[in-house]
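Participant:
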Amino acid sequence: MSRTITLSSPAMPMLLGEPALVLNRIKGEETFSTLYSYTLLVKTPANPLIPWQSASNVDIKALIGKEMTVFIELDGNGLDHLIGIGRGQREISGLVEKARFKGRDANQALFEIVIRPWLWLTTLTTDYKIFQQKSVVDIIDEVLADYHFSYEKRLTTSYPTMDYQVQYGETDFNFIERLMEEWGIYWFYEHQDQKHKLILVDHVGAHKASPSEAYHVIDYQPENPKADAEYISVFEHQEMLTSGRWVTNDYDFTKSRADILSIDVKARKTSFNEMEVFHWPGDYEQPAIGEQLARIRTEERGSKGSRAVGSGELRGIVCGTHFELVGYPVNKVNREYMVISSELDIQEINEVTNKDMFSIHCKFTVQPTTKIYRHPQIVPKPRTYGPQNAIVVGPPGEEVWTDEYGRVKVRFTWDRYGINRESDSCWLRVSQAWAGNSFGGIYIPRVGHEVVVDFINGDPDRPMITGSLYNNVTMPPWDLPVNATQSGLISRTIGGGKSNYNGVRFEDKPGQELYWEQAERDMDRLTKNDETQTIGVNSDISVGKNRTLVVGTDYTKNVGANATYAIGSNYNLEVGANRDIIVGADYSKNVGGSYSKLIGSQASMEIGSGYNMIVGGMHKTSVAGAVKTDIGGAHNTNVGGAVNTNIGGTVITNITGSVEKNVACTVKNYVKGAIITNVGGAINTNVGGAILTNVGGAQLINVGGAQMTSVGGAATLFGGAIVSVGTLGELILSGDTVKIIGKSRVVIEGGIVQINPGDGAGCAGAGIAAAAGAVGGGLGLSALAGLKGVGGLMSPKAIMGGMALPIPLPVLPVWPPVIDPPVPPPIIDPPITQPPITQPPITEPPITRPPITPP
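Going by the working numbering, the sequence shown opens with residue 3, and the numbers climb by one from there.
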């Protein structure tokens, strides 16, 4: 007997040389992007030699997972039975999912077999896997590469590369189906050559007509059925109200202020055609991707608006094919349709009992081929439930691996494909306690650290680090629980050990409270305004090398008791303006070497009591301007060697009391200009030896009162030209013997010249008086010295005209010649070259606080 449906499988068991299973009924459904399922009711052969009891022991387990194909005979469209237009076979193939024994039908054992597409195998496995820098098509290819079955991609859309996608505990099917639904890819199967091929499509043009020409055009015949042709007996076309506006948005932290809102409008020609769906988050960062996803969603909503369902005794309505409807009373419904779902139920006649009549029933759903089909988003995206832990990774040899945003990469503990490299994940943002525009906190987890990872909106594609965890490899920085009262923060020098770090630590143990900090190398601190530090007890600062303190304005130190400076080498103090040192008691300075002071302006020293200065070597003072010294009491200067004083200008010494100089040796005064000495009282000069005064020019002595010169030996007044002695009163030359000797002559001029006048005016003695003009050419004293008995004045005329009495000339003694003392040559001292005194700036080193060694 000819059969309409038959069964074939490479794993078909045999009974007495014939196939052990015969197909009696097939029932199932195929729909776009849905794993089809066909249930087959099979029997063992109607062979009296094969009782059902033994036939029921057929090894159905051998069929599980094997390919099985159902062949459906097509009668054609009845136009020409000889040519057989539309005749042939339709195939339905699949893998045997399950098989079971159902009972018996007379002498035949009954079995039920379910076949599924090979893609159903992807529902049997779940995984956690990360895909980076791949498009949705790339991900599909990678997942399906593990399944050795054929599939074809009829895709026209360009799909962008996605940075990071995670298969998060999903089956392979749910993962790729979720992505395909999101990106507008749908699929169906083509059955041929006892195989079923998966077809991936994203446009209507990828669909073909039915392999049988009999189903290219199908009549609508609700009445008057034809016996020689298949037709559609029920066809219900419907229009539906759908939303026509899709709005979505998301966030891109690299363009945090950018508006990436995407809107797509595809309003159908109905009322209320722009009802809006707002979807957030949109699962995108680039606006172009948002626009593409929004367009796909509006196409999905619109594709539901015009559909039709139908039924009939049809064998060739195949999901994924298209046909043309004719004969429908609504003219605009007569058009080409794409089959998006088909349900088939074929019952074969029972050749033994004839109680099962042959029947065919097909139900289908179609959509006009002028409309775009998008499969709805049915598969939900998995969500995370709470934070997870992960390990920070990076390239070999790197301890810190980050980007400009402070992001790091991790390997999740569920990632069995990770290799502990920077390729294990995307960049993960790190949550900070405070994050502002170039301010806030920043801690970058190091490679090998365990971190806490949470997910934005529970999306496994958007991980972020919220904290760090210690484990047995990365232990706390100090021993616990021994140091449970300590808290703080310690870093680690790259490539360093446990002792190489910057850190702060707080000790809260009662009686041992401590704030401790360490800088592994340099420490810089900037206070832009005031800084106050109060230390209750001691403060120790130890600086291993140099310390510099720069104070822009004032600097004040208050020491309640003692202050000690111990400086191993030089000490320089430079003060730009004033410096005041107030010492309440003693002040001592011990300088082992040289001591220099350089003062740019004035220097004042006020000493309340004594002032002692002991200089073991040379003491030199160089003053560019005036020097003023006020001494309230005595001033003693003891100089063991020579004293040299070079004064570029005037020296004024005001002494209210006496001045006493004791000079053991010679005193020399060299004055290039004039010397003026004003003495308010007496001058008493005691010279134990000779006094020699050389005056290069004139010498003038003004004496307001009496002047007396007492010479123990000879006194000589020598003039190189003229020696003049003048007075407003009397000039007295007194001595036991007074000699006036002129080598040429002696001239005495005066209004009246008296020589020995005695007590009266009558020349009662030997006095001589003469008018100065009575003596022609002057009166020689030698001639007058011997006159006797002249008791009165003689007129000049008497003298000039001759003597009234003869006057005998006295005999003058012969005096020894006056020998002028030799004039010593001027003493020329060599010029004293005074080297300039260079005062190095005295810089007081700043106070450096010694580092506190951590306990």
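Cβ atoms here follow ideal geometry from the backbone N, Cα and C, with glycine treated the same way.
1. Whole angstroms are fine: how far does the CA of K257 sit from the CA of V267?
2. For E192, write down the residues that DSSP places opposite it in a beta bridge.
3. For E69, count the other beta carbons within 10 Å of its own beta carbon; 16 or more makes it buried, fewer makes it exposed. Which is it?
4. Check the C-beta distance from L202 over to E154 and give it rounded, since I have them as a contact under 8 Å.
5. Could you name the residues of the same chain whose beta carbon sits closer than 6 Å to that of V484, not counting the 5 residues immediately before and after it, in chain order?
6. Go to I342, then tell me how far its beta strand (DSSP E) extends in each direction, as first and last residue.
7. In this structure, does DSSP put W248 in helix, strand or coil?
8. Starting from R507 and walking both ways along the beta strand (DSSP E), at which residues does that stretch end?
9. Tell whether a beta-carbon distance below 8 Å holds between S212 and F325.
10. When we look at the beta-carbon of E20 and count the other beta-carbons within 10 Å, is it buried (16 or more) or exposed?
11. Give a yes or no on whether the C-beta atoms belonging to S1 and R448 are separated by under 8 Å.
12. Which whole-angstrom value is the C-beta distance of E293 and V249, which I expect to be below 8 Å?
13. From what residue to what residue does the alpha helix (DSSP H) around E232 run?
14. If you run the structure through DSSP and keep just helix, strand and coil, what is S425?
15. Which one of V561, T555 and D129 has the shortest CA to CA distance from V577?
16. Is T718 helix, strand or coil by DSSP?
17. Answer with buried or exposed for L42, where buried requires no fewer than 16 other C-beta atoms within 10 angstroms of its C-beta.
18. I need the straight-line Cα distance from Y130 to W416, nearest angstrom please.
19. Enumerated in chain order, which unbroken segments of the beta strand (DSSP E) with a length of 3 residues or greater are wholly contained in the region 310 to 338?
20. Are there 16 or more other CB atoms within 10 angstroms of the CB of D107, so buried, or fewer, so exposed?
21. Apply the 10 Å Cβ neighbour rule to N474 and answer buried if 16 or more other Cβ atoms are within range, or exposed otherwise.
22. Here's a check: name, in chain order, each residue in its chain whose Cβ is nearer than 7 Å to the Cβ of A392, leaving out the five neighbours to either side.
23. Tell me the residue span of the alpha helix (DSSP H) that contains L402.
24. Kindly list the residues whose CB is nearer than 8 Å to the CB of A296, restricted to its own chain and excluding five residues on each side of it in sequence; keep chain order.
25. Report yes if the CB atom of Y253 is closer than 8 Å to the CB atom of P462, and no otherwise.
26. Okay, do the region 309 to 323 and the region 365 to 373 touch, 3+ Cβ pairs below 8 Å being the bar?
27. Can you name the start and end residues of the beta strand (DSSP E) that V368 belongs to?
28. Keeping to the same chain, check which residues put their C-beta closer than 8 Å to that of V641; ignore five residues upstream and five downstream.
29. Nearest-angstrom Cα distance between M242 and P162?
30. Can you say whether Q756 is buried or exposed, counting buried as having 16 or more other CB atoms within 10 angstroms of its CB?
31. On the CB-based measure, 16 or more other CB atoms within 10 Å of its CB, does P119 come out buried or exposed?
32. Taking the beta strand (DSSP E) that M182 belongs to, which residues open and close that run?
33. Between which two residues does the alpha helix (DSSP H) harbouring R303 extend?
34. For a test of the three-state rule: what should DSSP assign to Q55, helix, strand or coil?
35. Quick one: what's got a C-beta closer than 8 Å to Y191's C-beta in the same chain, skipping five residues either side?
36. Going along the chain, which residues of its own chain have a beta-carbon closer than 6 Å to the beta-carbon of I496, five neighbours each way excluded?
Facilitator: Quick look at the numbers:
1. Their Cα atoms are separated by approximately 26 Å.
2. According to DSSP, E192 bridges with K199.
3. E69 counts as buried, since at least 16 other C-beta atoms from the protein chains shown sit within 10 angstroms of its C-beta.
4. Between L202 and E154 a beta carbon distance of about 7 Å is seen, short of the 8 Å cut, so the two are scored as contacting.
5. Shown here for V484: not one same chain residue has a beta carbon closer than 6 Å to its own, the five before and five after excluded.
6. DSSP places I342 in the uninterrupted beta strand (DSSP E) bounded by E338 to Q349.
7. Three-state result, W248: strand.
8. Where R507 is concerned, the enclosing beta strand (DSSP E) stretches over G505 to E509.
9. Result yes, Cβ atoms of S212 and F325 sit closer than 8 Å.
10. Its Cβ having fewer than 16 others within 10 Å, E20 is exposed.
11. Outside the displayed span of the chain (3 to 857) sits residue 1, for which this structure offers no information.
12. In this structure E293 does not touch V249 by the C-beta definition: roughly 12 Å separates them, more than the 8 Å allowed.
13. Segment: none, E232 is in no alpha helix (DSSP H) and carries neither H nor E.
14. S425 sits in a helix when the DSSP states are folded into three classes.
15. V577 has its Cα closest to that of T555, out of V561, T555 and D129.
16. T718 falls in the coil class under three-state DSSP.
17. Buried, by the Cβ-count rule.
18. If I take the Cα positions, the gap works out to 7 Å.
19. Runs of the beta strand (DSSP E) lying entirely within the region 310 to 338 and spanning at least 3 residues, in chain order: 323 to 328.
20. Counting Cβ neighbours within 10 Å, D107 comes out buried, since at least 16 surround it.
21. The residue in question, N474, is exposed, as its Cβ has fewer than 16 Cβ neighbours within 10 Å.
22. Excluding positions up to five away in sequence, the list reads V412, R413, F414, T415, V453 and V455.
23. According to the sequence provided, residue 402 is Val. The question's Leu does not apply to it. Per DSSP, V402 lies in no alpha helix (DSSP H) and is assigned neither H nor E.
24. Listed in chain order, the non-local C-beta contacts of A296 below 8 Å within the same chain comprise W248, V249, T250, S264, I265, D266 and G284, local neighbours out to five positions each way being set aside.
25. Not a contact, by the Cβ cut-off of 8 Å.
26. As far as the Cβ criterion goes, the region 309 to 323 touches the region 365 to 373, which means the pair count is three or higher.
27. If you look at V368, you'll find it in the beta strand (DSSP E) that goes S361 to P370.
28. Excluding residues within five positions, none has a Cβ falling inside 8 Å.
29. C-alpha separation (whole angstroms): 33 Å.
30. The residue in question, Q756, is exposed, as its Cβ has fewer than 16 Cβ neighbours within 10 Å.
31. Taking a 10 Å sphere around the C-beta of P119, we find 16 or more other C-beta atoms and assign the residue as buried.
32. Unbroken run through M182 is the alpha helix (DSSP H), D174 to W185; no beta strand (DSSP E).
33. Counting along the chain, the alpha helix (DSSP H) containing R303 begins and ends at P289 to S305.
34. Three-state result, Q55: helix.
35. In its chain, beyond the 5 residues on either side, E32, Y38, P119, H198, K199, L200, I201, C321 and G322 have a beta carbon closer than 8 Å to the beta carbon of Y191.
36. Same-chain partners within the cutoff: E401.
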